[in-house]
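Those protein sequence lines, which keep their order, are chains F and C.
Letter by letter, the first sequence follows residues 238 to 878 in my numbering.
Letter by letter, the second sequence follows residues -15 to 319 in my numbering.
Cβ coordinates follow ideal geometry from the N, Cα and C atoms, glycine included.
As structure tokens, the structure follows; a few thoughts come after it.
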Amino acid sequence: MLKLIAPFVILFAAIFAVVASDKPDPPADFTFINRGDVTTLDPQRMSWMQDLRVARLLFEPLVRLDVMTKDYEIVPGVAERWEVSEDFRDYTFHIRDDAKWSNGEPVTAQQFVYSWRRALLPETAADYTALFQAIEGATDFFEWRSEQTKQYAVRARDLSNEERLVESQKLWDEALAYFDENVALKAVDDKTLTMRLTASTPYWLDLCAFVVFAPVYEPLVSQYEQIDPDTGLVKLKLGWTKPPLLIGNGPFVLENWRFKRSLFLRANPDWWAKDSLDIETIAIPSVEDGNSQVLAFESGSVQWVSDVNADYRIQMLADKQAFYDENREQYEQLKAQGLDAFAIDAALPDDPRKNIHALSAFGTYWYNFNCLPTLADGRENPFHDARVRRAFAMCIDKQRICDDVMRIGNIPARNMFPPGAIAGYESPAGLDCISDAKNEAEKQAIIDKAKALLAEAGYPNPAEMPRIELLFNTDGGHGIIAQQLAKDWEEFLGVRTFLAQKEIKVYKDDLKKHNFMTGRAGWFADYADPTTFLDLNRTEDGNNDRAYSSARYDGLLDEAKLETDPEKRMKILAEAERLIMEEDMPLVPLFYYVNIYLFDPDEITGISLHPRLQQDLFNIDVLGDGKGRDQVKNIYGKDQN
Amino acid sequence: MLGLILRRLIQLPIIILVIYTITLTLSWAIPGNPLEKPEGRQPSAEVIEAMKRQYKLDSFPAFYTSYLTSATGIDYIKDGLSGERKRVREQAEAAGVAAPTSYIFNLGPSLQYNDWNVNQIIAGALPVSVVLGLTAIVIALIIGITAGVIGAVKPNSIADLTTLMVALIGISLPSFVVGTMLLLVFAVVFPVFPVGGWGKLTGLVLPATTLSLPFAAYIARLTRMGMIESLDADYIRTARAKGLSEMKVLLKHALKNAFLPVLSYLGPATAYAMTGSFVIEKVFSIPGLGQHFVNAVLNKDLFLIMGVVLIFASMLVLFNLAVDVLYKWVDPRIS
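In structure tokens:
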């Protein structure tokens, strides 16, 4: 018997040893659950919201957006001042003297050139290369480099190992020279950075505030670059994004990063604006499961859940509504005082039901229409005709999708942008849909109009139309939306529908290859300019899954590029949006996305309510922890009192 | 015994090669582009092409051989012999930086998590899964054998029926239900244990218990069956006739034989407990290996799929070998 017990004793000892040797992070001032696991902390390579959120803590671009102001004011970052030419094409930035890296070294203009050049190399595989291509000569450089390395890969097969080493290095030197000569991005001196853009870009400052435009520390990162003699490409080795190696210039430094476990950040004593911080440490544990996230919050181990996706969030939101109803009088009073949602919550009596917050996000959920005359398998595509697209777009009860299917407070979308998200831009009215009808007669009028459009397009009897296929991916709740949509079209138009549910990669492949009739899609804005959505519908754009092509639309976008008066430019863009939202309908927006937060408004302040919904966690203050100012932050919209 | 071990060790690379070939062929056939991010921003066509060249994703035979040589350590030996590793090291020293880590078994980069390679991911996740899995198996053994013995002593008694029923529930209840309920009771209502995460012994209790239940149930049934059978055997009557205490009869004589079926179940069960804890990892936020089995396939992260499959295959073969050796040790009559 002892023979059998002995191994268990040893086993238990080993388990104790392994677990005990594993030191968890110390408790942090502020602990939150990010939207997902961080995939990379290399600013030029990232595109996921969770990566960008952490990167904004570790790196600081030339300028910043003050997310606590109504118009997302541009405020100085690494650059203390800047000059913009009248035609919005020439920008000069002056870097502050006290901008330092976390190792104490100064931030220089050359480091920006180095970092932005990285983003323009095809081998860096930057998701946002296109944004950098606004700089004059940048597109040429990108294409030139792609072509050169492609040719080299063929050439290298006949070279010996030694020759490859020499030749690949030569190729790289040529690339550097080409960049210096042709790309209009220059470090005039250590502290002055200038750039000339291909077109008038009034929102360039907004882009420069995007953390993908933040600098990386050249002496560190360049050590991790290696020229691959076989392909001539610069290979980036892993490692520099992890502590203790990572050197940043942002408000925080990364002290610990354990894959799929946690990140731990500490205030950067070398950051020029460190006095504005109200917390010293931030912990980001990785909690994947939606239920566990809520439990972690309820047990007090995290203070903010940034994306509540537990199924019962619908019930939680209903509970909050009930809480408001119980305190209706006080609620209305506070609202009348002009307080914003968080301030109202904070002023209402203490109750766990008020910790959940549904906020509209800067993103739109829509259905694509394939605009090609035939489908990939050669069948006729009814959505080739804009009249058919309009008819289908009208016969949707968007309100019902929001109220009965989504049930988390989404607002039906009439056009591509959530209202108020872009300062100075007015979206067109858009098409009326079923839920815009105030009574049965109006509803019938919309249906009749849609049927007339179908008849004009050659489908007098919708039941005889080819079966309408709706493409969507499994998971994520897209199935029930598709079912409701199909039901609407069957009910109002009398067409036959078919739900094509596919695994996400297959679904994406089908969209890319235009192998669909109509399919689910969505987009979150990258920057505050209408082009962040409108460019998606340009002919030949890499994200134009709809294969929509309109000379007039492209022309309007081109015209906007040349227009130097920002006001006129916005008008041109609004006309472009009107074209796709009222006439051509390559897509039909259903609703704006909603993001659900979980935090105690009595405890946490510094979370922004702006529809762009960017959260800069260096604004956070934990109230009553004795650190920082411990004052409710003046969130935008709140009165001056 | 030595022969057995040798024979199995020689079989190991052949089994692994077959598994490698089948898995790679299937993973290659998964539709969709591994370099594309369905929900994120799309890299441009030029970028995808450059990446494909870099990772050899443009040709199956090239990828098949290059991944095989790098994962099996052939590349490592080759680089050592040709002096390539020395050259890289000297180059790094000349530049005044630390040379990049070179892995003997290089499992490649992760296509989904840009900042990590598969070796790092597995090195972080495997110890967690091993500890969690082993703890769960130990708990399962303690619960299962105790329940099985109690049941076998008085078959069809209330105690027996109760344990059988609990075992049935243990097998039938999905672990996300058990896990969430345990969390709710022992972490939120009575905050005895942490809600999730890794790094504390107390944090191991709930997930290990949840993971152990189906195994415990199965072990209980195996033990009960074995015990009932061996308690009827002649040698037990002899043992009792000798005047041995009932405890000794049960634990020393009967259990030893009844344990054999449990033992043969333990090999695959341990391997499964260490890698098949996907749901438990999610519920308790444990950074283990199980999630990568599922997520890597969904993301078509080719290198990560191959890495975890190779590790799992090796573990399965080695555990079965260990069980065979243990078998011989417990019952030397088995050849």
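Please confirm whether residue i and residue j have their CB atoms less than 8 Å apart.
| i | j | result |
| --- | --- | --- |
| residue 531 of chain F | residue 545 of chain F | yes |
| residue 285 of chain C | residue 279 of chain F | no |
| residue 181 of chain F | residue 450 of chain F | Past the edges of chain F, shown from 238 to 878, lies residue 181 of chain F, and the structure says nothing about it. |
| residue 583 of chain F | residue 869 of chain F | yes |
| residue 297 of chain C | residue 88 of chain C | no |
| residue 823 of chain F | residue 703 of chain F | no |
| residue 214 of chain C | residue 220 of chain C | yes |
| residue 287 of chain C | residue 91 of chain C | yes |
| residue 16 of chain C | residue 688 of chain F | no |
| residue 595 of chain F | residue 831 of chain F | yes |
| residue 346 of chain F | residue 420 of chain F | no |
| residue 329 of chain F | residue 320 of chain F | yes |
| residue 505 of chain F | residue 488 of chain F | yes |
| residue 461 of chain F | residue 473 of chain F | yes |
Spell out whether any CB of chain D is found under 8 Å from the CB atom of residue i.
| i | result |
| --- | --- |
| residue 352 of chain F | Checking the listed chains, one finds no chain D in this structure; the protein chains it contains are F and C. |
Determine, for residue i, whether the minimum Cβ-Cβ distance to residues of chain F falls below 8 Å.
| i | result |
| --- | --- |
| residue 25 of chain C | yes |
| residue 306 of chain C | no |
| residue 303 of chain C | no |
| residue 37 of chain C | yes |
| residue 54 of chain C | no |
| residue 65 of chain C | no |
| residue -5 of chain C | no |
| residue 137 of chain C | no |
| residue -11 of chain C | no |
| residue 118 of chain C | yes |
Verify the CB distance criterion: does residue i have a CB-CB separation below 8 Å to chain C?
| i | result |
| --- | --- |
| residue 455 of chain F | no |
| residue 556 of chain F | no |
| residue 778 of chain F | no |
| residue 875 of chain F | A caution first: residue 875 of chain F carries a pLDDT of 42, below 50, which makes its placement in the model too unreliable to give a value. |
| residue 659 of chain F | no |
| residue 597 of chain F | no |
| residue 878 of chain F | Reliability of the predicted coordinates at residue 878 of chain F is poor, the pLDDT of 35 falling under 50, and the value obtained from them is presented with this limitation in mind. By this cut-off, residue 878 of chain F is not an interface position. |
| residue 328 of chain F | no |
| residue 588 of chain F | no |
| residue 505 of chain F | no |
| residue 860 of chain F | no |
| residue 280 of chain F | no |
| residue 386 of chain F | yes |
| residue 253 of chain F | yes |
| residue 383 of chain F | yes |
| residue 277 of chain F | yes |
| residue 249 of chain F | yes |
| residue 835 of chain F | no |
| residue 850 of chain F | no |
With DSSP as the reference, please indicate the residues paired to residue i in a beta bridge.
| i | result |
| --- | --- |
| residue 524 of chain F | Answer is none; residue 524 of chain F lacks a bridge partner. |
| residue 463 of chain F | F:472 |
| residue 63 of chain C | Note: residue 63 of chain C sits in no beta bridge, so no partner. |
| residue 600 of chain F | F:761 |
| residue 314 of chain C | For residue 314 of chain C, which the question treats as bridged, DSSP gives no partner whatsoever. |
| residue 739 of chain F | F:710 |
| residue -12 of chain C | Per DSSP, none; premise fails for residue -12 of chain C. |
| residue 499 of chain F | F:495 and F:522 |
| residue 841 of chain F | F:859 |
Three CB pairs or more closer than 8 Å across the segment 158 to 170 of chain C and the segment 110 to 128 of chain C: no
Cβ pair count under 8 Å reaching 3, the segment 196 to 215 of chain C against the segment 271 to 287 of chain F: no
Sequence ranges, alpha helix (DSSP H) only - wholly within the segment 356 to 438 of chain F, length at least 4: 366 to 369, 375 to 392 and 398 to 419
Sequence ranges, alpha helix (DSSP H) only - wholly within the segment 291 to 356 of chain F, length at least 4: 346 to 356
Validate contact between the segment 770 to 790 of chain F and the segment 405 to 422 of chain F using beta carbons, cut 8 Å, 3 pairs: no
At least three beta-carbon pairs within less than 8 Å, the segment 684 to 699 of chain F to the segment 603 to 611 of chain F: no
Alpha helix (DSSP H) runs contained entirely in the segment 623 to 649 of chain F, provided each spans 4 or more residues: 623 to 631
Alpha helix (DSSP H) runs contained entirely in the segment 80 to 137 of chain C, provided each spans 4 or more residues: 102 to 137
Complete runs of the alpha helix (DSSP H) confined to the segment 215 to 275 of chain C [at least 4 residues]: 218 to 225, 239 to 259 and 262 to 267
At least three beta-carbon pairs within less than 8 Å, the segment 247 to 257 of chain C to the segment 43 to 59 of chain C: no
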